[in-house]
Amino acid sequence: MQLISDNVMNKSFDLCNIEQLDSQTAQRLHSLGIHDGSQMSVVRFFPMHGPVIVEIEQQQIGIRYKVFKLLCGGQLQ
Numbered sequence: 111m112q113l114i115s116d117n118v119m120n121k122s123f124d125l126c127n128i129e130q131l132d133s134q135t136a137q138r139l140h141s142l143g144i145h146d147g148s149q150m151s152v153v154r155f156f157p158m159h160g161p162v163i164v165e166i167e168q169q170q171i172g173i174r175y176k177v178f179k180l181l182c183g184g185q186l187q
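Numbering (my numbering), first residue to last: 111 to 187.
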């Protein structure tokens, strides 16, 4: 059985769907300079759908797994 983390490690994604996030999360990402079209790569997955460490514009941040899936636009398969 192959894990989702095996499929996406070191892959690059274009961010999308930021407007579909709750307003606080969207505002926080915007204040960090993260917007639709930014390039995101996965640095680390934590088990049990814990946070995902991603690198966006040379900064690493931790985001919820649910937010990560939404920002990837469902490109996880």
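For every residue, glycine included, the Cβ atom is placed at its ideal position computed from N, Cα and C.
These figures come from a predicted structure and were not determined experimentally.
- A direct Cα-Cα distance of roughly 12 Å separates Asn120 from Ile166.
- By the Cβ-count criterion, Phe123 is buried, with 16 or more other Cβ atoms from all chains shown falling within 10 Å of its own Cβ.
- It is roughly 23 Å from the alpha-carbon of Ser148 to the alpha-carbon of Gly160.
- Take the alpha-carbon of Gln170 and the one of Ile144: they are about 12 Å apart.
- Looking at the DSSP output, Arg138 sits in no beta bridge, so it has no partner there.
- Under the 10 Å beta carbon count, Phe156 is surrounded by fewer than 16 other beta carbons and is classified as exposed.
- With a threshold of 16 other beta carbon atoms within 10 Å, Leu142 falls short and is exposed.
- For Ser122, the secondary structure class from DSSP, reduced to helix, strand or coil, is strand.
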